[in-house]
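Report on the following structure.
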Amino acid sequence: MGAGIAITGCGSAAPEAILTNNHLAQMVETSDEWINTRTGMRNRHIASATESLSQLSAVAAENAIAMAGISATDIDLIILATSTPDDMFGSACKIQGLIGATNAVAFDLTAACSGFIFALITASQFMRTGVHQNVLIIGADVLSRWVDWSDRASCVLFGDGAGAIVCQSIAESDRLLGFEMYSNGSQNDSLNLNYHSQSKPLVENITAQHGTYQPVSMNGREVYRFAVAKVPEAIGKAMFRANLTADDIDWLLLHQANQRIMDAVAKRLKIPSEKILSNIAEYGNTSAASIPLSLDAAVREGKVQVGDTIAASGFGAGLTWGSAIFKWGY
Ligand code: UT7
């Protein structure tokens, strides 16, 4: 094995506007009580016309780079995990330009709510082979652009935000202790943001499909069942690879989709609920951003300390899911 990996900085950013459960009750037939007891959510942040995914990501990235104690020009790889780029060609290079990471190569990665974990694992391959040393990983989504605001089953769940970490190569022991990645395309229909084509005849016998994306559609119960079954398995396997047991885990850092999912996963893994890192009440489900957003809050609050062992897992559309176990800091 090549170089070891340490996560040395984190940062986050969220839009200013806060949409509360009571606001949602003015829009669709729902209530603060229903949303809070079924999901644990109270608020979510909604991006304005001037708060783009790239800008939020740039702020999160700059905070992470500052915490790592390096400068943007030290970064040699940027991976942006997102399903909602400002530009369909990708937004990672735009962010590279905004933060002045002139020595980096940047690209987008799409794996919905698993995106951040998949990006971390992807980055680790470049680092272990010695190709890159200082990597910026961003998880960001602005799903408010793509939610059906008349569908009470999904519109109450999602919010916007960005989170970032800096990973650095170290000669000493590797801090990324284990990981797992999975997908199951046979359940692809349970969570989608699908392209909807409209025929545009060009010339005789040739018609382009010139359309747009349909709002998020989700079979909530199916995704719920999938998450509660598969996430503990993915974390269990990563713990096995890392030669750890549940007692060795200091913090459980799950994709913030539903507080009930987080509680059920902790229970199955026999990890006490006090070890769950959750900020779902404030941000809702921010898709690829939710894991780094939650990590950043816990680090800045002083909850997560250098050397703590964190079991993280993302899950969502694809269906995709994955886990990573790492020690925080260096
Ligand atoms: O980030 C990607 C991963 N996403 C997830 O992991 C989401 C997983 N799914 C969930 O978190 C949950 O399934 C939801 C929060 C989406 C829904 O909670 P649930 O306990 O599974 O509710 P349900 O879908 O079984 O619906 C129960 C009832 C239904 O009414 P009936 O059929 O029992 O009369 C719904 O129509 O609640 C109704 N309902 C609502 N009522 C008030 C659904 N949405 C709402 C709402 N307000 N917003």
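Going by this note's numbering, 1367 is the number at position 141 of the sequence shown; the sequence numbering is gapless. Where a beta carbon is used, it is the ideal one built from N, C-alpha and C, also for glycine.
Shortest alpha-carbon distance to residue i belongs to which of the options?
{"i": "C1381", "options": "A1229, A1251, V1357, I1551", "result": "A1251"}
{"i": "G1437", "options": "T1336, S1425, M1444", "result": "S1425"}
{"i": "F1405", "options": "E1459, I1364, I1347", "result": "I1347"}
{"i": "I1536", "options": "A1349, Y1408, A1239, A1472", "result": "A1472"}
{"i": "V1530", "options": "G1230, A1229, I1231, G1235", "result": "G1235"}
{"i": "I1391", "options": "T1263, E1242, A1514", "result": "A1514"}
{"i": "V1361", "options": "G1387, L1306, D1489", "result": "L1306"}
{"i": "T1263", "options": "D1300, I1506, H1249, R1526", "result": "I1506"}
{"i": "L1383", "options": "Q1322, A1327, Q1482", "result": "Q1482"}
{"i": "L1419", "options": "V1532, G1555, N1247, T1308", "result": "T1308"}
{"i": "A1557", "options": "V1331, I1364, G1323, N1329", "result": "The chain is shown only over 1227 to 1556; residue 1557 falls outside these bounds and no answer can be derived."}
{"i": "D1397", "options": "T1355, I1432, Q1435, V1429", "result": "Looking at the sequence provided, one finds Ala at residue 1397 rather than Asp. Per the Cα distances, T1355."}
{"i": "A1468", "options": "D1400, A1292, V1525", "result": "D1400"}
{"i": "M1407", "options": "T1433, E1459, S1423, V1454", "result": "E1459"}
{"i": "S1376", "options": "V1442, D1313, V1525", "result": "V1442"}
{"i": "I1475", "options": "N1484, W1554, Y1450", "result": "W1554"}
{"i": "V1454", "options": "A1464, Q1485, F1466, F1315", "result": "Q1485"}
{"i": "M1465", "options": "V1429, F1452, I1497", "result": "I1497"}
{"i": "G1544", "options": "M1314, S1499, F1452", "result": "F1452"}
{"i": "K1501", "options": "T1265, K1493, W1477", "result": "W1477"}
{"i": "S1423", "options": "V1429, Q1435, E1430, N1431", "result": "Q1435"}
{"i": "D1313", "options": "W1260, D1367, V1331", "result": "D1367"}
{"i": "T1265", "options": "G1323, Y1450, I1432", "result": "Y1450"}
Per DSSP, residue i is paired with what?
{"i": "D1386", "result": "V1368"}
{"i": "L1335", "result": "A1307"}
{"i": "C1393", "result": "I1233, V1361"}
{"i": "E1406", "result": "S1549"}
{"i": "H1270", "result": "For clarity, residue 1270 is Arg in the given sequence; the question names His instead. DSSP lists L1245 as partners of R1270."}
{"i": "I1517", "result": "The partner list for I1517 (beta bridge, DSSP) is empty, contrary to what the question assumes."}
{"i": "H1422", "result": "T1438"}
{"i": "W1477", "result": "I1536"}
{"i": "V1429", "result": "I1432"}
{"i": "M1444", "result": "L1417"}
{"i": "F1541", "result": "W1547"}
{"i": "W1554", "result": "I1233"}
{"i": "A1239", "result": "A1388"}
{"i": "I1502", "result": "L1478"}
{"i": "N1511", "result": "F1384"}
Less than 6 Å between C-beta atoms, sequence neighbours within five positions excluded: which residues of the same chain meet that for residue i?
{"i": "H1358", "result": "D1302, L1303, F1352"}
{"i": "L1245", "result": "R1270, I1272"}
{"i": "E1448", "result": "S1416"}
{"i": "A1240", "result": "H1271, G1387"}
{"i": "K1320", "result": "S1280"}
{"i": "S1395", "result": "A1229, M1353, Q1359"}
{"i": "G1389", "result": "S1238, A1286, G1365, A1515, P1518, L1519, D1522"}
{"i": "A1290", "result": "G1235, C1236, G1237, A1390, I1391, V1392"}
{"i": "K1463", "result": "E1406"}
{"i": "Q1322", "result": "I1304, A1330, A1332"}
Using a Cβ-Cβ cut-off of 8 Å (strictly less than) and excluding sequence neighbours within five positions of residue i, which residues of its own chain qualify?
{"i": "V1457", "result": "L1480, I1487, V1491, S1539, F1541, W1547, S1549"}
{"i": "A1379", "result": "M1444, G1446"}
{"i": "Y1421", "result": "G1437, T1438, Y1439, Q1440"}
{"i": "M1227", "result": "Note that M1227 has pLDDT 49, beneath the 50 cutoff, so the model's placement of it is unreliable and the number below is only indicative. Closer than 8 Å at Cβ, skipping near neighbours: R1354, D1400."}
{"i": "D1489", "result": "S1499, I1502"}
Tell me which residues share the same chain as residue i and place their Cβ nearer than 7 Å to its Cβ, disregarding the 5 neighbours each side in the sequence.
{"i": "L1568", "result": "Past the boundaries of the shown model lies residue 1568; the chain is included only from 1227 to 1556, so the question cannot be answered."}
{"i": "A1243", "result": "H1271, I1272, S1274"}
{"i": "P1311", "result": "L1279, S1317, D1334"}
{"i": "I1461", "result": "L1495, A1537, S1539, S1549"}
{"i": "T1328", "result": "T1299"}
{"i": "E1430", "result": "none"}
For residue i, decide whether its Cβ has a neighbour in chain B, counting only Cβ atoms nearer than 7 Å.
{"i": "D1367", "result": "You won't find chain B in this structure, because it holds only one protein chain."}
At a cut-off of 6 Å, would you count residue i as near the ligand SAM, judging by its Cβ distance to the nearest heavy atom?
{"i": "W1260", "result": "As for the ligand SAM, it is missing from this structure, which binds only the ligand UT7."}
Worksheet entry | Segment contact flag, the stretch 1283–1297 with the stretch 1407–1415, C-beta cutoff 8 Å, min 3 pairs | As far as the Cβ criterion goes, the stretch 1283–1297 does not touch the stretch 1407–1415, which means the pair count is below three.
Worksheet item: Are the stretch 1342–1349 and the stretch 1268–1285 in contact at 8 Å, needing three or more beta carbon pairs?
Response: No contact exists between the stretch 1342–1349 and the stretch 1268–1285.
Worksheet item: Are the stretch 1265–1279 and the stretch 1501–1515 in contact at 8 Å, needing three or more beta carbon pairs?
Response: The answer is yes - the stretch 1501–1515 touches the stretch 1265–1279, with three or more Cβ pairs under 8 Å.
Item to complete: Decide yes or no for the touch test of the stretch 1354–1373 against the stretch 1248–1265: beta carbon pairs closer than 8 Å, at least 3 of them.
Response: The stretch 1354–1373, when compared against the stretch 1248–1265, does not touch it at the 8 Å Cβ threshold.
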